[in-house]
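*Asks:* Just passing along the structure, written as structure tokens.
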Amino acid sequence: MQYDFDREVSRTGTDCYKWDLFHARDGAPRLLPMWVADMDFPCPAPVSEALVARAANGIFGYTMKSAAYLDSVVGWMQQRHHWEIKPEWICVTPGVVPALNMLVRTFVAPGEHVLIQPPVYGPFFSAAQSNQAASIPNPLRYANGRYQMDFDDLQEKLRDPQLKMAILCNPHNPVGRVWTRDELTRFGELCLEHGVMVVSDEIHGDLVYRGEQFTPFASLGEAFTQHNIICTAPSKTFNLAGLETSNIIIADADLRTRFEKTLRSDGLGGINSFGLVATETAYRRGEEWLEQLIDYLGDNLRYLEDTFRNEIPQIKVIHPEGTYMIWLDCRALGLDRSALTHLMRDTAGVVLNDGYAFGPQGEGFQRINIACPRSILVEGLERIRSAVATLKQ
Ligand SMILES: Cc1ncc(COP(=O)(O)O)c(C=O)c1O
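All letters in the sequence shown, in the order written, are residues 277 to 669 by this note's numbering.
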């Protein structure tokens, strides 16, 4: 089946965080939202059909994960990423962010430390801080338009006896790196050597551009599998975030038991009936849609890069290897934090994410979402071009 990603489908009035928040708050329907990390595309047709069929049953009582559900997750990891997992390793949670919080609470004692690699997804900071731990930055290095891990700094930070966990973002939001086998191996071995558990957030792992290769962190060997925890979800891949279902993969039985205890004590042992149906269907029948999506996102990315290069050269696109959230270096505009936000939101009328929300290393950057029909992307970039042009006067 051929999907039409060019088709604009209105999300307004669906209690949509991305579109409705700004309409409601500002009464300003002219704002074009290109921020929060979901897509303006309907999910694969088989998923909607399965949800409609489930809804027709009319009874939505308590739900449990079936063997068929677990099998669909195992099958996806195997077929898509050549990563062998066992059904019993899978813990279902209502999202990756709740899982990160529970993981910190389970494995990091109050006052201990969690390493993160900013600029990085904001809830990584709060997963530590909201759970009485401290986040310790191992900032990425930015040189020649590319971000790299800083292994010298990592070695330094790993000497800290209070450091118990490292949250890895693989692929990385917002800088778009899809970490290589070598980078992951070096990172993982150093953490292993120092007894630091790695929690690898791989929610963007299915979304890599043509020619790039995603490596699940735990697929790199038995020691990585047994000592670490991997967060996965169909939510970014198939645009199902509102169904709040993710799969946390924990191979070690003792670690899994401890995590499940927290899950139950937080009252989060239940599962959303629709999330289960959508996940299983997406993993079994969504691949054709995903292949077409990746091509479409690749074309959107090319359009974005060409437009900035040719028409808005003051803003530099950090070329991503994965994710549809694109990191923009706006520092050459010479604007401070509030002037940059004002330029995008008030002058251009587009809502992007401010770079500083990803840590101080993001100051002067913005993050733009390109998972939208081309017409919206074209309009958003035209608005930014016109706004930047006003700076010259
Ligand atoms: C790296 C990363 N982890 C987690 C999430 C959100 O996960 P969830 O909606 O499952 O809580 C996002 C959303 O943008 C993300 O970028």
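Glycine is no exception: its CB is placed at the ideal position from the N, C-alpha and C atoms.
Using 10 angstroms around the beta-carbon of P450, count the other beta-carbons present and answer buried if the total reaches 16, otherwise exposed.
*Replies:* Buried, because 16 or more other Cβ atoms sit within 10 Å of the Cβ of P450.
*Asks:* Let's see if you can read the secondary structure: which residues bound the beta strand (DSSP E) around H710?
*Replies:* Absent from the model: residue 710. The displayed extent of the chain is 277 to 669, so no value can be given.
*Asks:* Relative to ligand 1, is the shortest distance from any of its heavy atoms to the C-beta of N449 smaller than 8 Å?
*Replies:* At least one heavy atom of ligand 1 is nearer than 8 Å to the Cβ of N449, so yes.
*Asks:* Starting from P374, trace the alpha helix (DSSP H) both ways and give me its first and last residue.
*Replies:* Its alpha helix (DSSP H) spans residues 372-383.
*Asks:* Hey, how far is the Cα of F486 from the Cα of S541?
*Replies:* Correcting the residue type first, residue 486 is Arg in the shown sequence and not Phe. Rounded to whole angstroms, R486 to S541 spans 42 Å at the Cα level.
*Asks:* Tell me which residues share the same chain as V380 and place their Cβ nearer than 7 Å to its Cβ, disregarding the 5 neighbours each side in the sequence.
*Replies:* Within the same chain, V380 has close Cβ partners V390, A403, A404, N407, A409, M441.
*Asks:* Who does L308 pair with in a DSSP beta bridge?
*Replies:* In DSSP, L308 forms a bridge with V626.
*Asks:* In the DSSP assignment, what residue or residues form a beta bridge with C507?
*Replies:* Answer is D477, I524, bridged to C507.
*Asks:* Taking contact to mean 3 or more Cβ pairs, one atom from each stretch, closer than 8 Å, check whether the segment 370-380 and the segment 533-553 are in contact.
*Replies:* Result yes; three or more Cβ-Cβ pairs closer than 8 Å.
*Asks:* Assuming I524 contacts E478 (C-beta within less than 8 Å), just tell me the rounded distance between them.
*Replies:* The pair is not a contact, with the Cβ atoms about 10 Å apart (cut-off 8 Å).
*Asks:* For Q424, list the residues DSSP reports as bridge partners.
*Replies:* Looking at the DSSP assignment, Q424 forms a beta bridge with R417.
*Asks:* For A410, which residues does DSSP report across the bridge?
*Replies:* A410 is bridged to H389.
*Asks:* Among the residues of its own chain, which have a CB less than 7 Å from the CB of I646, if the five just before and after it don't count?
*Replies:* L573, N576, L577, L580, Y600, I602, L653.
*Asks:* Assuming E564 and M277 are in contact, meaning their beta carbons sit under 8 Å apart, how far apart are those beta carbons, in whole angstroms?
*Replies:* That belief holds up - the Cβ atoms of E564 and M277 are roughly 7 Å apart, short of 8 Å.
*Asks:* Contact between the segment 352-367 and the segment 430-440: three or more CB pairs below 8 Å?
*Replies:* The segment 352-367 is not in contact with the segment 430-440.
*Asks:* Is DSSP giving D482 helix, strand or coil here?
*Replies:* In this structure, D482 counts as coil in the three-state DSSP scheme.
*Asks:* Do you know how far the Cα of Y559 is from the Cα of A332?
*Replies:* One C-alpha to the other measures close to 22 Å.
*Asks:* Alpha carbon to alpha carbon, what distance is there between F493 and D426?
*Replies:* Going by the C-alpha atoms only, they are around 18 Å apart.
*Asks:* Is T555 closer than 9 Å to T521 when the C-beta atoms are compared?
*Replies:* Yes, the pair counts as a contact, with Cβ atoms nearer than the cut-off.
*Asks:* For S511, which residues of its own chain have a beta-carbon under 6 Å away from its beta-carbon, when the five flanking residues on both sides are left out?
*Replies:* Closer than 6 Å at the Cβ level, and outside the excluded window around S511, lie A517.
*Asks:* So, with DSSP's three-state summary, where would you put L544?
*Replies:* Coil at L544, not helix or strand.
*Asks:* Pick helix, strand or coil for D347, following the three-state DSSP scheme.
*Replies:* If DSSP states are grouped into helix, strand and coil, D347 belongs with the helices.
*Asks:* Go to R661, then tell me how far its beta strand (DSSP E) extends in each direction, as first and last residue.
*Replies:* Per DSSP, R661 belongs to no beta strand (DSSP E); it is in the alpha helix (DSSP H), 650-666.
*Asks:* Taking C-beta to C-beta, are Q393 and P374 nearer than 9 Å?
*Replies:* Cβ distance not < 9 Å, so Q393 and P374 don't count as in contact.
*Asks:* Straight-line CA distance for F317 to E432?
*Replies:* Cα to Cα, F317 sits roughly 44 Å from E432.
*Asks:* Taking the alpha carbon of F490 as the point to measure from, which residue in F298, R356, K668 has its own alpha carbon closest?
*Replies:* Selected option, being the one with the closest Cα: R356.
*Asks:* Based on Cα-Cα distance, which residue from F535, Y423, E639 lies nearest to N377?
*Replies:* Among F535, Y423, E639, the Cα nearest to that of N377 is on F535.
*Asks:* So the candidates are D296, E498, C319; which of them puts its Cα closest to the Cα of W311?
*Replies:* Of D296, E498, C319, the residue nearest in Cα terms is D296.
*Asks:* May I ask you to check if the CB of E597 is nearer than 8 Å to at least one heavy atom of ligand 1?
*Replies:* Because no heavy atom of ligand 1 lies under 8 Å away, the Cβ of E597 does not count as near it: no.
*Asks:* With L327 as the anchor, note down where its alpha helix (DSSP H) starts and where it stops.
*Replies:* 321-333 is the extent of the alpha helix (DSSP H) around L327.
*Asks:* Could you give the C-beta distance for I594 and G421, rounded to a whole number, given that I count them as a contact under 8 Å?
*Replies:* Confirmed, Cβ separation roughly 6 Å.
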